[in-house]
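Chemist: Order-wise, the sequence lines are chains U, B and E.
What the first sequence shows, in this note's numbering, is residues -7 to 310, in sequence order.
What the second sequence shows, in this note's numbering, is residues 56 to 426, in sequence order.
What the third sequence shows, in this note's numbering, is residues 239 to 598, in sequence order.
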Amino acid sequence: MQVNSEPAKREKVSFTGLVLKPMWATLVQVVRNSFRGKPNTVLYPRERLTVPPRYRGKHVLSFTRCIGCGQCVKICPNDCMWMKKINDPDLGKIERPGVDYSRCLFCGLCVEICPTDAILMTGEYELSAYDRKEICFEPEELRADDFPVREPKESTLLPALDFDRCKGKEECAKICPVHCIEIVEIEKTGRKKPEIDLSVCTLCGKCAELCPEKAFEMKEKLIVMFERPLPVFDPAECTGCGACSRACPSDVVYMVEMPGTEKTKPDGRKTKPKKLAVFVLEKCIGCGRCADACKFDCLKMVPESQLRESEKEGVRVE
Amino acid sequence: MDLWGISYELTSFLIDIINFFIYGLGWLLPGVLGDAFNGLGDWLASTGVLNILTMIVEALIVLIVAILNVITLIWIDRKLLARMWDSRGPFYVGPLGYFQNIADGLKLFLKQVITPSKADKLSYHVAPVVFIGSSILILAVIPLSPGFALSYERAPIPGGVLFAFAIFAIAPFSILVAGWAQNNKYTLIGGMRSAAQMMSYEIPLLLSIASVFLLAGSFNFGDVVEAQANIWFAIPLFIGFVVFLVCIVAEIERIPFDLPEAEAELVEGWTTEYSGMRFGFFLMTQYIRGYAGCAIAAALFLGGWHGPSIIPDEIWFLSKAYIVFLIFVWMRASLPRIRTDQILDLGWKRLLPLAMINLIIAVAMKTSGWF
Amino acid sequence: MAEMWINMGPQHPMTHGLWNLRIKVDGEIIVDAVPEIGYLHRGMEKIFEHRTYPQIGPITDRLCYGSSFTWNHLYCLTIENLMKLEIPERAKYIRVMVIEMQRIASHLMWIAAYAADLGLLAGFLWAMREREIFLDLMQALSGSRLTYNYARIGGVAADLPSDFERDALRAVNYFEKKLEEYEALYRDSKIFLMRNQGIGVLSKEDAINRGVTGPTLRASGVKYDIRKDQPYEVYEEIDFEPQSSPDCDCYGRYVVRMNEMRESCKIIRQALSKMPQGPVRVKTPLIGPQGDAIGRVEDPRGEGIMYVIGDGSEKPYRLKVRSPLFVILSAARQMLVGYKIADVVAIMGSIDVCMGETDK
Chain U
-7 MQVNSEPAKR EKVSFTGLVL KPMWATLVQV VRNSFRGKPN TVLYPRERLT VPPRYRGKHV
53 LSFTRCIGCG QCVKICPNDC MWMKKINDPD LGKIERPGVD YSRCLFCGLC VEICPTDAIL
113 MTGEYELSAY DRKEICFEPE ELRADDFPVR EPKESTLLPA LDFDRCKGKE ECAKICPVHC
173 IEIVEIEKTG RKKPEIDLSV CTLCGKCAEL CPEKAFEMKE KLIVMFERPL PVFDPAECTG
233 CGACSRACPS DVVYMVEMPG TEKTKPDGRK TKPKKLAVFV LEKCIGCGRC ADACKFDCLK
293 MVPESQLRES EKEGVRVE
Chain B
56 MDLWGISYEL TSFLIDIINF FIYGLGWLLP GVLGDAFNGL GDWLASTGVL NILTMIVEAL
116 IVLIVAILNV ITLIWIDRKL LARMWDSRGP FYVGPLGYFQ NIADGLKLFL KQVITPSKAD
176 KLSYHVAPVV FIGSSILILA VIPLSPGFAL SYERAPIPGG VLFAFAIFAI APFSILVAGW
236 AQNNKYTLIG GMRSAAQMMS YEIPLLLSIA SVFLLAGSFN FGDVVEAQAN IWFAIPLFIG
296 FVVFLVCIVA EIERIPFDLP EAEAELVEGW TTEYSGMRFG FFLMTQYIRG YAGCAIAAAL
356 FLGGWHGPSI IPDEIWFLSK AYIVFLIFVW MRASLPRIRT DQILDLGWKR LLPLAMINLI
416 IAVAMKTSGW F
Chain E
239 MAEMWINMGP QHPMTHGLWN LRIKVDGEII VDAVPEIGYL HRGMEKIFEH RTYPQIGPIT
299 DRLCYGSSFT WNHLYCLTIE NLMKLEIPER AKYIRVMVIE MQRIASHLMW IAAYAADLGL
359 LAGFLWAMRE REIFLDLMQA LSGSRLTYNY ARIGGVAADL PSDFERDALR AVNYFEKKLE
419 EYEALYRDSK IFLMRNQGIG VLSKEDAINR GVTGPTLRAS GVKYDIRKDQ PYEVYEEIDF
479 EPQSSPDCDC YGRYVVRMNE MRESCKIIRQ ALSKMPQGPV RVKTPLIGPQ GDAIGRVEDP
539 RGEGIMYVIG DGSEKPYRLK VRSPLFVILS AARQMLVGYK IADVVAIMGS IDVCMGETDK
């Protein structure tokens, strides 16, 4: 068997000459540590290093900013979050997420996708526990309503329509300087709804200023850099049950009465008119809870880039 | 006051206290029993028994002082290594972390002791005993000063240095047996490598101290140190000193000659299957042999206990031994391991000729009348 | 003479990662070698088929935890090729800078582990100390020290924080000076040379025939670097030289990696000075189109490739990962036969084994 351990054609240098050089390097190191500065070791737990502002440690949750949309739960790669139904004395019946740190990767995707900067990550990393139940945190344990947001997402203004206040006066379409508002009639309800083309809108705010009913409000909307889907609504299947409206966390769905659909019961009394769901899609954050809630297959979530311009604003025009 | 004197006083004091009770009992109890106790008291106070007990006490004192030195050496090792590596070493237990080693030793008592089922039981249990026992035996012959030496009625041990090196050389046998007894391929390879390394470095070692014997004219520690009253042997026999240091590092199995028990290559080498305090004893024995090597280096080459008399002789001796150890720590911190065949290469091809040259220089100096 | 099989691993302090190396020894000389992998298989490619495109990002970090940004970036590059997405210029420069910082950190971890194996614990602790500087920079940038999750499909997650340029330049200057000091422990140390020269020779033809890439190939004299031959991101505009060494042994691999660290410092400086202002991210699309795409990068350990097949939904149909070490380990037998047991550590260490990407 060939033994290949000969050094390859190099000059033989004397042994001592090249043993002293590394020893000199270590001696210099001792002098540096002991007489000109400190050694590199941090005496944990007596001293601690400061973590930078962007550190991804334990989460905090702001109950007031969170809208309960559940997108953080959906995007978690490791299924470590869940939504819990809570009965809060101030906020009423709400759903808030809890985190299981035995599975959490601390990747930060939940923070990136939150549309209201409600869930944040702090610099706390000392999370050891003796029992697995102690590292599973309920939403109340993560609650910190006024934790400062260190790096808020970029925000833009949004002309948000409150459809309950709109009386169909059509002033906004006349006032808009770039003609981005189009008044659309919602069939079977007899009402008209202004739809804004957000790609043209300059966010000037005139519609909010000059609406006589104060139906428009220029709200701040945070820009989330993940493309979110929008719901496409088929009004033919809608039964007016209102599940989508109850599920929506950001006031997108309004249940509008359809006059002329009252029925007369055998004993002479009239039922209430049927309702139709109307979508104000500018406010939609793409969480998909309406599509999950609808039992009659009226809603389909489609990515925004795939929707045609005319379909983008919700009610399909026949 | 030398060690024999102190031990004699201590032993007589203890025997006096014990005899107080024995004579008391002898006076209280009547008849034959009383006479028996009185006889016991007389026997305990006789010179023969007193001498033997003095020897035991003396040996205990030497052992305790040596073990304390070894613990201090381990502490220095850890602290200095850490500083060389930009770190701090132990700092928590005791002042500057001095008691960390005791804590680590106690921890080893709590570990589970596992014996491999197919191991050769007799060799497995006896080999560490031989290894540790022989290493502690070396400590007996090393004197820290003319007064602090193990002796019987002030007669020094003849041929001390030769005895020390003879005992030093028992270690390879026990390592080989230990490596074989654990029924493990790794330990077998480690044991064989270690035995080869140690046995091949015995020869330059003995040749370099042969030159010291030549110049000193005797095998006793006391005579060798007295011969250095004018000049330390390290200066004329510089090559011999360097050869001696390198051989001692190889005997102790420190980095850079660490391959037999290298962690990365063979998972602790020939001590893999030993657990608990047995393993702890192996580690401590490495440092005991290190201390013995440094002390012998100080005695043979660095003038032993000669120095200005403001500081007592023992402290001089220990300081010189510690300085030699500091060089060993320095080497450990900065050099990688050498492969076994390169180690053997080094031993036979480079150190042996150097030792021979050293011997020739010593012969030349002796015959020309310098010494 | 009796020949016996020895198992190095799977529980062994030397093998970085969890694998088994069976060697057949004749006395002290190695006669045959069989690497056995698969102890760290986590089923990543199967996991990828059940996660949406943004969710896969943090998981690719864990492919090779020693150089995690490389895999993160490779994944985003592949998906951007699939979705035909154009990312902003500033994002490309930031990516290049972070890739090179990751390369330095990975090579430093290599030299630390290598030195520790050889018994040179000074090298271990000093290299880890320098690595801390770069890990601190990455921590300020992304929020985590080891698994960054910083690259996104469409750019990078966030812009550079304030003071980052000043800190990065300071770190690079300090590091270049320190590298010169380290050479005292390695290049100027006779024992290190004795352990490395002439060990683990892999000739040029063997390396090319077995598909070896990366520093192992460049140490056998082949100047092949994907950053120069098939440039991606903005490597065409950056001036650097791929390093190679004519001696095909462990020492050559050491020289190549040390020089690569110096080149990386140059690249970081250039990237910082040439970076334009602008956005750092475009919106990540939700759906991946039908079709397939490939991404190829120069990982610190070799050539990493990812191949994705999209099927028009938000999850990929198949995402295949080609790791460089999977191929290099198959050349292990060639490098080991004829040497001694004590050389196994040096040879396997010089390849820079990271089992996370080999076993996926």
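Glycine included, every Cβ here is placed at the ideal spot set by N, Cα and C.
None of these values were measured; they are calculated from a predicted model.
Taking Cβ-Cβ distances below 8 Å as the criterion, which residues of the segment 188 to 221 of chain U are in contact with chain E?
Modeler: Met217, Phe218, Glu219, Arg220 and Pro221
Chemist: Gln427(E) versus chain B: which residues are under 9 Å apart at the beta carbon?
Modeler: The sequence given here places Ser at residue 427(E); Gln does not occur at that position. Within 9 Å Cβ-Cβ: Ser389, Leu390 and Pro391.
Chemist: Looking at chain E, which residues of the segment 135 to 147 of chain B have a Cβ within less than 7 Å of any of its Cβ atoms?
Modeler: Of all residues in the segment 135 to 147 of chain B, only Met139, Trp140, Asp141 and Ser142 come within less than 7 Å of chain E when Cβ atoms are compared, listed by chain position.
Chemist: Would you please verify whether the beta carbon of Trp130(B) is less than 7 Å from any beta carbon of chain U?
Modeler: no
Chemist: Against chain E, with Cβ distances strictly below 7 Å, would Leu299(U) count as a contact?
Modeler: no
Chemist: Give me the Cα-Cα distance between Met75(U) and Cys106(U), rounded to the nearest whole angstrom.
Modeler: The alpha-carbon atoms of Met75(U) and Cys106(U) are separated by roughly 14 Å.
Chemist: Taking only three categories from DSSP, how would you classify Leu119(U)?
Modeler: Coil, per DSSP.
Chemist: Would you check if the distance between the CB atom of Ile222(B) and the CB atom of Ala250(B) is smaller than 7 Å?
Modeler: no
Chemist: Quick one: residues in its chain with C-beta nearer than 7 Å to the C-beta of Gly276(E), no 5 flanking neighbours on either side, listed in chain order?
Modeler: Asp597
Chemist: Which whole-angstrom value is the C-beta distance of Ile310(B) and Gly436(E), which I expect to be below 8 Å?
Modeler: 22 Å between Cβ atoms; not a contact.
Chemist: Within 10 angstroms of the Cβ of Gly424(B), are there 16 or more other Cβ atoms? Answer buried if so, exposed if not.
Modeler: exposed
Chemist: Can you check whether the CB of Trp360(B) is closer than 7 Å to the CB of Ser206(B)?
Modeler: no
Chemist: Between Ile294(B) and the ligand GTP, is there a pair consisting of the residue's CB and a ligand heavy atom that are separated by less than 6 Å?
Modeler: For the ligand GTP, the structure offers nothing, since it holds no ligand at all.
Chemist: I'd like the list of long-range same chain contacts for Arg48(U), defined as Cβ closer than 7 Å, with 5 residues on each side in sequence excluded.
Modeler: Phe98, Gly100 and Met113
Chemist: Can the beta-carbon of Val535(E) be found less than 7 Å from the beta-carbon of Gly542(E)?
Modeler: yes
Chemist: With 16 other CB atoms within 10 Å as the buried threshold, where does Ser302(U) fall?
Modeler: Note that Ser302(U) scores 44 on pLDDT, short of 50, meaning its location in the model is unreliable; the coordinates nonetheless yield the value given after this. With fewer than 16 Cβ atoms within 10 Å of its Cβ, Ser302(U) is classed as exposed.
Chemist: Can you tell me where the beta strand (DSSP E) with Ala354(B) in it begins and where it stops?
Modeler: Looking at the DSSP string, Ala354(B) is not in any beta strand (DSSP E); the run it does join, the alpha helix (DSSP H), is Met332 to Leu355.
Chemist: Could you pull the start and end residues of the beta strand (DSSP E) that Arg573(E) belongs to?
Modeler: One detail in the question is off: residue 573(E) reads as Met in this sequence, not Arg. Run containing Met573(E): none in the beta strand (DSSP E); it sits in the alpha helix (DSSP H), Ala570 to Leu574.
Chemist: So which residues on chain E does Leu97(U) lean against when the C-beta distance must stay under 9 Å?
Modeler: Pro296, Ile297, Asp299, Arg300, Thr385 and Asn387
Chemist: Check whether the Cβ atoms of Glu249(U) and Lys267(U) lie closer than 7 Å to each other.
Modeler: yes
Chemist: When burial is assigned at 16 or more other CB atoms within 10 Å of the CB, is Gly427(B) buried or exposed?
Modeler: What the structure shows of chain B is the stretch from 56 to 426, and residue 427(B) is not part of that stretch, so it cannot be assessed.
Chemist: Give me the residue from Lys161(U), Cys102(U), Ala235(U) and Thr56(U) with the minimum Cα distance to Asp82(U).
Modeler: Thr56(U)
Chemist: Met139(B) to Val22(U), Cα distance in whole Å?
Modeler: Rounded to the nearest angstrom, the gap between the Cα atoms of Met139(B) and Val22(U) is 5 Å.
Chemist: Is there contact here, the segment 461 to 478 of chain E with the segment 561 to 580 of chain E, by at least three beta-carbon pairs under 8 Å?
Modeler: no
Chemist: So, are the CB atoms of Val518(E) and Val394(E) less than 7 Å apart?
Modeler: Going by beta carbons, Val518(E) and Val394(E) fall inside the 7 Å limit.
Chemist: Please state whether the Cβ-Cβ distance between Leu524(E) and Pro69(U) is less than 7 Å.
Modeler: No, Cβ-Cβ distance for Leu524(E) and Pro69(U) is not below 7 Å.
Chemist: Anything in the segment 221 to 248 of chain B with a Cβ closer than 8 Å to a Cβ of chain E? List those residues in chain order, please.
Modeler: Lys240, Tyr241 and Ile244
Chemist: Check the Cβ of Arg289(E) against every Cβ in chain U and list those closer than 9 Å, keeping chain order.
Modeler: Pro69
Chemist: Can you give the Cα-Cα distance for Phe218(U) and Ile391(E), rounded to whole angstroms?
Modeler: 9 Å
Chemist: Where does the unbroken beta strand (DSSP E) through Lys66(U) begin, and where does it stop?
Modeler: Unbroken run through Lys66(U) is the alpha helix (DSSP H), Gln63 to Ile67; no beta strand (DSSP E).
Chemist: Contact between the segment 211 to 231 of chain U and the segment 261 to 277 of chain U: three or more CB pairs below 8 Å?
Modeler: Yes: the two stretches touch, three or more of their Cβ pairs being nearer than 8 Å.
Chemist: Whose Cβ in chain U lies nearer than 8 Å to the Cβ of Trp385(B)?
Modeler: Met15, Thr18 and Leu19
Chemist: How close, in whole Å, do the beta carbons of Gly255(E) and Cys592(E) come, if the pair is a contact with beta carbons under 8 Å?
Modeler: That pair is a contact at about 6 Å.
Chemist: Mind pulling the alpha helix (DSSP H) runs of 4 or more residues that sit fully within the segment 153 to 240 of chain U?
Modeler: 163 to 167, 198 to 202 and 235 to 239
Chemist: Find the residues of chain E that neighbour Leu314(B), judging by a C-beta separation of less than 9 Å, and give them in chain order.
Modeler: Result: Gly357 and Ala580.
Chemist: Since Trp364(E) meets chain B, which of its residues come closer than 9 Å, beta carbon to beta carbon?
Modeler: Trp140 and Asp141
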